[in-house]
Each structure stands twice: as structure tokens, then as C-alpha cells.
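Since the structure comes first, as C-alpha cells, the remarks are kept for the end.
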Amino acid sequence: MPTNPILRTVSGHEVRPAVFGAMQCGGNADEAQSRAMLERCRDEGIVHLDTAYAYTDGESEKIVGRFAAPIRDELFVATKVGLTGGAGRKNLTAQFDRSRARLGADQVDLLYLHRFDPETPLEETAEFFASAKQRGLIRYVGLSNFAAWQVMKMIAVAQRLDFTIDVIQPMFSLVKRQAEVELLPMCIGEGVLACTYSPLGGGLLTGKYAAKESGRLLSEPKYAQRYAPQWMHDAASGLKAIADREGVHPATLAVAWVMHHRYRPAPIVSGRSIEQLEPSLAGLSFEMTPELNAELSDLTPTPPPATDRLEEG
Ligand SMILES: NC(=O)c1ccc[n+]([C@@H]2O[C@H](COP(=O)([O-])OP(=O)(O)OC[C@H]3O[C@@H](n4cnc5c(N)ncnc54)[C@H](OP(=O)(O)O)[C@@H]3O)[C@@H](O)[C@H]2O)c1
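Taking UniProt numbering, I'd label the letters of the sequence shown as residues 1 to 313.
Here's what the structure looks like:
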């Protein structure tokens with residue numbers, strides 16, 4: 001059976017299954033803070049950097065591009081197009097050209113379609129990716145925020161055009177576990193890597209909202225809505241209690257829980273400062289026991305399986 005594929009840098013090095021997310025770079029994190037985080041990640045051996053056309057009005061791609069320029073072949077840079085404007089060829093081409101200009105690079109290691117577009121035929125989107133790959137403008141292809149059936153349709157179309165879907169990027173954390181029902185098992189079955197975002201539930205799992213600290217769940221309505229259910233806040237409090245008992249930061253346990261999930265996704269860690277980032281980085285090397293893993297999983301409901309009658313064996 002296929003397993004998660006291994007990504008490689010241009011220089012041929014295996015990319016470690018952990019990613020730095022640059023969504024705050026050029027926004028809440030200024031260039032100095034962003035560079036400090038990028039350098040800290042590099043020291044940790046994290047070379048996979050995740051940005052997007054849509055982040056911080058292009059500042060994120062520019063900061064990543066400036067950081068990567070002298071060491072391009074040692075890094076693995078991913079960006080995304082098509083969050084806005086649809087997945088038609090014209091829009092994807094225009095955004096990708098702009099992304100490459102901001103990144104200061106002809107080639108991007110991994111290009112994602114940022115979201116599924118029900119209005120555009122998959123064939124048209126796939127032809128854009130096939131052409132970009134044939135022309136050497138991208139090395140790997142990814143899909144973000146897709147349902148499993150949508151990924152499978154794209155895999156079939158891509159096969160006909162002679163390229164592969166290599167990576168998916170869904171949301172996944174202790175409080176957002178939908179991906180473990182179909183997307184993550186699909187990845188193992190199809191030989192696709194899952195790089196999963198928001199391992200801290202946008203900051204909820206740091207415990208800072210129970211402590212009345214500020215953050216995006218208070219300042220950005222879409223995050224407040226995404227993490228509104230009380231059971232999510234109860235889980236964050238439960239996680240904090242376990243973290244206090246274990247003598248670690250709750251963010252460390254939240255990232256480690258993703259990292260040690262049985263389907264082995266690659267968490268995308270991030271923050272607005274080096275101080276915020278440190279506990280997440282510690283989660284990447286945290287030694288998780290099966291008992292602690294089970295205790296953490298029990299903090300939130302396991303989503304129901306994709307098919308019924310499993311009790312019949
Ligand atoms: N494909 C997609 O649609 C998509 C969507 C979202 C993210 N992503 C990718 O995934 C990456 C990570 O996503 P995310 O930022 O949502 O991840 P996350 O790890 O769930 O949340 C990170 C946020 O949590 C807060 N935080 C982190 N460490 C903290 C600490 N030690 N103490 C207090 N607060 C802390 C900060 O929020 P405050 O700024 O509020 O303090 C920080 O920005 C992004 O950079 C991006 O690359 C992709």
C-alpha cells in the first residue's frame with residue numbers, strides 16, 4: 001500500500017515532515033520578526049516554507065523570497081493560488097506570475113490550488129498545473145481545503161494529463177478533526193502527503209483565551225466563528241491542565257498531537273513572533289507516549305466514520 005511520499009529540495013535533500021507557515025509574515029510579524037522565525041526554523045532543520053498569493057497583500061511572499069534568495073536550493077518553498085478569483089486558467093496564471101515575481105524565483109517547489117472552485121471544470125485547472133509542471137515552473141502539485149472526493153476527482157484528471165497530486169493542505173487540530181475521517185486515510189492510500197494547518201486552532205489551544213489574553217479569535221470575526229463552540233474552549237482548558245501537569249506549554253502538546261497522529265500529517269507551525277513559535281517548535285520533537293496521546297485525543301469528540309455498519313466488523 002502507498003505511504004506518505006517524501007518531498008525533496010532541488011539539491012536532493014529529503015524535506016523533514018514539518019513546515020513553517022508564513023501567513024503572519026508582513027502582517028502581525030514585521031520583517032525582522034519574520035526573519036528571526038525563518039532563521040530559527042532553518043536552525044531546527046525546517047526548510048519547508050508555506051506562503052500564499054493571498055497572504056498579507058503579497059508581503060509574505062516577498063519576505064520569504066528575500067530570505068530564500070541566497071539559499072534557494074536548500075529550501076522548499078510552497079505557495080498557493082486561487083483563493084480568490086476562481087480556479088480558471090487566466091486567474092491562476094496571473095496570480096502565479098505575480099507570486100513568482102514576489103518570490104523572486106522562476107520556479108516554485110510546490111504550488112497549491114488554495115480552494116476548490118465548483119464553477120470551473122477540473123480539466124481546465126488541471127491543464128494549468130500540467131503545463132506549469134511541464135515548463136519546469138513547479139516541482140510538486142498541491143490542493144488545499146478540498147474534500148476527499150474532490151481530491152480523488154482531481155487525481156483521476158491529473159493521471160490523464162500525466163502529473164500527480166503530491167500534497168494536500170487541510171485544517172487539522174485537536175478541535176478540528178474532520179480530516180481524520182477521509183482526507184488523512186486517503187493520503188496513505190493514494191501516496192499523498194498531508195501538510196495540515198492551524199495545529200493550535202488559530203491560538204485557542206495555547207490557553208490564552210481562558211487567560212483573557214488578546215489574539216485573532218477576539219479581533220477577527222471569522223476566527224471567532226470558527227472556534228465558537230463551547231466544547232472547543234473546554235478542550236483548550238483540559239489541554240492546559242494536562243500541559244501544566246506535564247510541565248510543558250499547551251502549544252507543545254497540541255503540535256505533538258498532530259505530529260503523532262496515526263496518519264502522520266506534517267503540521268504547519270507558525271506565530272507572530274519567535275516567542276510564540278518556540279513552544280510549537282518544541283512540539284515537533286516532543287516524545288509522546290501512547291497513554292498521553294490517548295488522553296489528549298479524549299479531550300475532543302472523535303468524528304464519526306465515513307461509513308456506517310462498522311460495528312458489524
Ligand atoms: N491553506 C489554508 O487555507 C490555510 C489557512 C490558515 C493557515 N494556513 C497555513 O498554516 C499556517 C499556520 O496556521 P495558523 O496560523 O492558523 O496556525 P495555528 O498554529 O493554529 O495558530 C497560530 C496562531 O496562534 C497564536 N499563537 C501561536 N503560538 C502562541 C503562543 N505561544 N502564545 C500565544 N499565542 C500563540 C498566534 O495567534 P495571534 O496572532 O492571534 O496571537 C499565532 O498566529 C499559516 O501560517 C499558513 O501557512 C493555511
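Glycine included, each C-beta is placed from N, C-alpha and C at the ideal position. Bear in mind the structure is a predicted one, so any value in this text is a computation, not a measurement.
Asked	Found
Nearer than 7 Å: is that true of the beta carbon of Gly271 relative to any heavy atom of ligand 1?	yes
Check the C-beta distance from Arg115 over to Gly82 and give it rounded, since I have them as a contact under 8 Å.	6 Å
Alpha carbon to alpha carbon, how far is Ala243 from Pro250?	5 Å
Is Ile188 closer than 8 Å to Thr307 when the C-beta atoms are compared?	no
Have a look at the DSSP bridge pairing and note the partners of Arg8.	Glu14
Answer yes or no: the CB of Ile168 versus the heavy atoms of ligand 1, is any distance below 7 Å?	no
Run the proximity test for Lys80: is its beta-carbon closer than 7 Å to any non-hydrogen atom belonging to ligand 1?	yes
Helix, strand or coil: which one does DSSP assign to Met152?	helix
Sort out for me which residues DSSP pairs Cys195 with in a bridge.	Ala266
Rounded to whole angstroms, what is the Cα-Cα separation between Ile46 and Arg309?	42 Å
What would DSSP say about Leu205, mapped onto helix, strand or coil?	helix
Assuming Thr51 contacts Ala87 under a Cβ cut-off of 8 Å, what Cβ separation, rounded to an integer in Å, is found between them?	Contact doesn't hold; Cβ gap of about 19 Å is too wide.
Looking only at its chain, what residues have a beta carbon closer than 7 Å to the beta carbon of Phe67, apart from the 5 residues adjacent to it on each side?	Arg35, Leu38
On the CB-based measure, 16 or more other CB atoms within 10 Å of its CB, does Ile138 come out buried or exposed?	buried
Quick one: Cα of Ala235 to Cα of Thr302, how far?	13 Å
For a test of the three-state rule: what should DSSP assign to Ser99, helix, strand or coil?	helix
With a threshold of 7 Å on Cβ separation, who are the neighbours of Ser11 within its own chain once the five nearest residues in sequence on each side are excluded?	Asp73, Glu74
For Gln169, which beta-bridge partners are listed by DSSP?	Ser144
With 16 as the cutoff for other CB atoms within 10 Å, does Asp298 come out buried or exposed?	exposed
Using 7 Å as the cut-off, classify the Cβ of Asp50 as near or not near the heavy atoms of ligand 1, replying yes or no.	yes
Exposed or buried, Ala78, counting other C-beta atoms within 10 Å across all chains shown (16 or more means buried)?	buried
Which value, in whole angstroms, describes the spacing of the CA atoms of Asp57 and Ala94?	15 Å
Return the Cβ separation of Pro279 and Thr252 in integer angstroms, given the expectation that the two are a contact with Cβ distance under 8 Å.	5 Å
Run the CB neighbour count on Ser219, radius 10 Å, all protein chains shown included, and call it buried at 16 or more, exposed below.	exposed
Do Val19 and Ile274 have their beta-carbon atoms positioned less than 8 Å apart in this structure?	no
Could you have a look at Phe76 and say whether DSSP puts it in helix, strand or coil?	strand
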